[in-house]
Each structure stands twice: as C-alpha cells, then as structure tokens.
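A short write-up of the structure that comes next.
Residue numbers (the numbering used here): 9 to 278.
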C-alpha cells in the first residue's frame with residue numbers, strides 16, 4: 009500500500025515516521041516546511057499539495073488539528089483519490105464530521121475510517137499507541153498493516169463515527185477523573201494528610217488512578233498545572249461529549265460535574 013500522511017505535528021510526526029521506517033511507500037504534505045525536515049534523507053516523498061499526495065496514495069492518514077482542517081483537507085482529496093482508496097481520520101473531531109466526509113467520499117468509491125488515537129507521540133514511536141477505529145470492518149482489516157506500525161492496542165469499535173465517540177468518552181472520563189483526584193487531594197490536605205504519601209496510597213491502593221498520578225508534580229496537586237497544554241483540548245472534547253449526549257436525548261450523568269470541576273481549575277470552563 010502507498011500511504012499519504014498529512015499532519016506532522018507532535019502526534020502525527022512519530023506516526024508517519026513509523027510508517028516510513030516500516031517500508032511503506034510514503035508521501036508527505038505539510039503547510040509548514042519545517043515539519044518535513046525530520047524526513048530529509050528518508051525514503052519518504054514530499055507532495056506539493058494534498059491533491060498531489062492523494063494521487064500518489066492508496067491510503068491517506070489525516071492527523072490534523074480540528075474539524076475545520078478535516079473538512080478542508082478531506083474535501084481536497086476525496087475526489088482525487090482512486091476508487092478503492094481509504095481516508096483515515098486520526099484527529100479527534102465530531103463523529104458527524106467523519107460521517108459527512110464518508111458520505112461525500114463514497115460517491116467517488118473512497119472509504120473513510122475514523123481512528124482517533126490516545127497515548128501521545130512517544131507511544132506512537134514505541135508502537136504502543138491506542139487506536140480506536142470505526143468504519144467498514146473489511147476496509148479496516150485491509151489497511152490494518154499500516155495502522156499496526158504504531159497501534160498497540162488496536163480496537164475496532166463499530167461503524168464510522170464510533171471511533172470518535174469512544175475517544176471523546178475516554179477524554180470525558182479522564183477530565184472527570186482529574187476533577188475527582190483534585191478534590192481528593194484537597195480533602196487530604198484539609199485533613200492533614202501528607203500529599204506525597206497520599207499519592208503513594210492512590211498508586212498502590214484500590215483507588216489507583218492515572219489522573220491522580222498526572223497531578224503528582226508540584227503543589228498544589230491541582231489540575232491547574234495542566235492548563236496550558238491540556239485545558240483547551242479537554243474542554244473541546246467535553247463539549248463534544250455534551251453535544252453528543254444532547255443529540256441522543258440522554259443525560260451525561262455524574263461524569264459531567266466532575267469534568268467541569270477540572271476544567272474550572274484549568275481556567276478553561278466549558
């Protein structure tokens with residue numbers, strides 16, 4: 009398979025590098041020339057436009073910033089790809105963005121797979137990136153060798169859009185867990201418990217929480233330390249979760265107040 013990759017940031021860059029290093033014929037495109045510098049001297053080719061990349065690819069992976077980018081780039085390539093090609097959306101976006109792209113691409117015989125990821129660039133480089141894939145199961149199995157260059161675990165979660173819903177719910181739960189962990193540390197402080205010791209209890213005990221470990225570094229054991237990087241992203245995903253719940257006519261439940269608490273601490277209220 010010939011692979012095209014667009015979106016060579018801190019997450020997409022290591023993913024693309026894994027594909028290149030595994031020997032797949034790979035074409036890259038980036039708005040910023042400096043994003044391409046790490047691939048100098050590799051076997052990767054560089055296209056001068058998304059459309060040119062699509063012409064050279066059987067599978068195109070998008071790891072761009074947001075819904076607008078997916079719509080823009082997807083709109084530029086789905087009519088250029090050959091019938092039988094596949095667009096893989098690795099960005100975390102609204103499920104409807106992927107479904108709309110899938111409907112448009114289907115008119116050209118092109119399939120869309122939504123496959124958001126969790127774990128970060130280092131996990132991709134070490135082939136331990138969680139990939140949640142939604143789409144036609146046969147199409148996903150066909151392109152699985154590409155995804156397996158960085159995915160472990162790889163999870164098939166349902167039709168197009170299901171991958172996005174799973175990722176959004178994962179991030180909603182993370183945000184809620186941050187809020188709960190922050191509240192537990194605050195209560196511990198008021199009760200006179202050493203917070204360093206309390207963290208060790210959380211790590212070894214039945215209350216073990218990845219979120220609690222994220223709050224370990226430095227006083228005041230608060231989500232505020234994550235505000236600059238994580239705040240905008242988690243706010244976006246909590247908002248998406250609320251939108252999905254509202255569209256389905258269901259209550260988001262107890263997870264939402266806890267998530268809102270963390271967002272307030274990060275100064276990025278929903």
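Glycine included, each C-beta is placed from N, C-alpha and C at the ideal position.
Across which residues does DSSP place residue 121 in a beta bridge pair? 96
Using the rule of at least 16 other Cβ atoms within 10 Å of the residue's Cβ for burial, across every protein chain shown, is residue 269 buried or exposed? buried
Where residue 8 sits in the DSSP three-state scheme: No answer is possible for residue 8: it lies beyond the span of the chain, which begins at 9 and ends at 278.
Taking the Cβ atom as the reference point for each residue, do residue 98 and residue 70 lie within a distance shorter than 8 Å? Yes, these two residues count as a Cβ contact at 8 Å.
Endpoints, alpha helix (DSSP H) assigned at residue 179: 170-198
Report the residue from 10, 19 and 234 whose alpha carbon sits nearest the alpha carbon of residue 127. 19
Integer-rounded CB distance, given that residue 141 should sit under 8 Å from residue 92: Not quite, the Cβ-Cβ distance comes to about 18 Å (not below 8 Å), so this is no contact.
For residue 161, name the three-state secondary structure that DSSP assigns. In the displayed model, residue 161 falls within a strand according to three-state DSSP.
Per DSSP, what kind of secondary structure is residue 271 in: helix, strand or coil? helix
So does the region 16-33 actually touch the region 142-158, counting three or more Cβ pairs closer than 8 Å? yes
Starting from the Cα of residue 51, find the closest Cα among 239, 36, 62 and 221 and give me that residue. 36
Taking 7 Å as the limit between beta carbons, can you name the residues of its chain near residue 63, skipping five residues before and five after? 88
Pick out whichever of 273, 39 and 262 has its Cα sitting closest to the Cα of residue 57. 39
Confirm, please, whether the CB-CB distance from residue 101 to residue 74 is below 8 Å. yes
Could you check what DSSP says for residue 38 in three-state terms: helix, strand or coil? coil
Own chain partners of residue 251 with C-beta closer than 8 Å, once the 5 adjacent residues on each side are dropped: For residue 251, where only same-chain residues beyond five positions count, the Cβ hits under 8 Å are 102.
Limits of the beta strand (DSSP E) - the one that residue 140 falls within: Note, residue 140: beta strand (DSSP E), 137-142.
Starting from the N-terminal side, write out each stretch of the alpha helix (DSSP H) that is 4 residues or longer and does not extend beyond the region 48-102. 58-63 and 75-85
Spatial distance of residue 147 from residue 229 (CA atoms): 45 Å
If I measure Cβ to Cβ from residue 107 and keep anything under 8 Å in the same chain, skipping five residues before and after, which residues do I get? 168 and 169
Do residue 72 and residue 12 come within 8 Å of each other at the CB atom, strictly closer than that value? no
Look up residue 32 in the DSSP assignment and say whether it is helix, strand or coil. coil
Tell me whether residue 21 sits in a helix, a strand or coil according to DSSP, three-state version. helix
I'd like the list of long-range same chain contacts for residue 277, defined as Cβ closer than 6 Å, with 5 residues on each side in sequence excluded. 271
Do residue 180 and residue 237 have their C-beta atoms within less than 8 Å of each other? no
Nearest CA to the CA of residue 21: which residue from 208, 9, 46 and 125? The shortest Cα separation from residue 21 among 208, 9, 46 and 125 belongs to 46.
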